[in-house]
Amino acid sequence: MGFPIYFLALFAILIILVASVTVYFQVYKRHINKALESTEGMRTSMVPPYRVAIVMTIIVLLIGILISYFAGYVNAYKDYEEDAWVMSHSDIQTFYAEVKEVGEKSLLVDGISLNDENYRGEFQYDIWEEVSIYRQDAVISLSDLSEGDLISITLLTDRADITNIFKIQLLTDKK
């Protein structure tokens with residue numbers, strides 16, 4: 005991982021701040037010296053250096069805040085994009101269940117005792133068109149499932165911790 009480019013930009017802005025305030029101090033000192041040597045009383049006034057330093061500091065702080073905001077946004081978005089497609093073992097869970105009731109777009113199942121404790125008991129799922137339901141290697145519809153069928157349900161958890169059904173596999177066929 006290389007040195008972030010926005011640190012270089014912030015460093016360059018700080019150098020510009022210091023250089024411009026230093027140059028202004030020199031110009032102000034020269035202007036005051038000329039005014040003191042001149043007895044005419046006609047001189048143009050310059051802004052005191054402390055005010056210039058304050059204004060330049062505020063400008064650098066605002067620029068630094070903007071750079072930090074955009075750099076943070078870019079890095080966070082880049083990290084999110086890299087992690088969005090990385091799956092861990094805990095993101096995919098499969099459990100076995102017995103079909104209790106098949107609705108038009110829903111499925112009521114009862115997790116069997118071989119499952120982990122989290123997947124025992126009754127579960128109600130809404131089944132969307134994206135969910136694939138298989139009998140061996142053939143795709144079937146939800147209406148092909150009936151009460152008492154043994155199925156495996158594969159769940160997929162995304163980065164927002166939303167769990168959806170990825171696949172349903174019919175394990176037994178009552179024929």
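Residue numbers 5 to 179, in the numbering used here, belong to the letters of the sequence shown in order. Glycine is no exception: its CB is placed at the ideal position from the N, C-alpha and C atoms.
Local conformation of residue i per DSSP, three classes
i      : result
Gln140 : coil
Asn168 : strand
Thr161 : strand
Ile96  : strand
Leu66  : helix
Val135 : coil
Cut-off 7 Å between Cβ atoms - residues of its own chain near residue i, not counting five sequence neighbours on either side
i      : result
Ile116 : Tyr100, Ala101, Glu102
Among the options, the one whose alpha carbon lies nearest that of residue i
i      : options                    : result
Ser24  : Phe74, Met60, Ile36, Val51 : Met60
Leu174 : Thr167, Ile166, Ile157     : Ile157
Ser110 : Glu133, Asp120, Gln128     : Gln128
Ile96  : Leu112, Ile137, Phe170     : Phe170
In DSSP terms, what residue i is bridged to
i      : result
Ala101 : Gly115, Ile155
Ser49  : DSSP lists no partner for Ser49.
Glu126 : Asp114
Residue i versus residue j - alpha carbon distance
i      : j      : result
Val51  : Val78  : 39 Å
Leu65  : Thr161 : 42 Å
Asp165 : Thr98  : 16 Å
Asp141 : Asp114 : 24 Å
Residues near residue i in its chain [Cβ-Cβ closer than 6 Å; skip 5 each side]
i      : result
Leu149 : Val103, Val106
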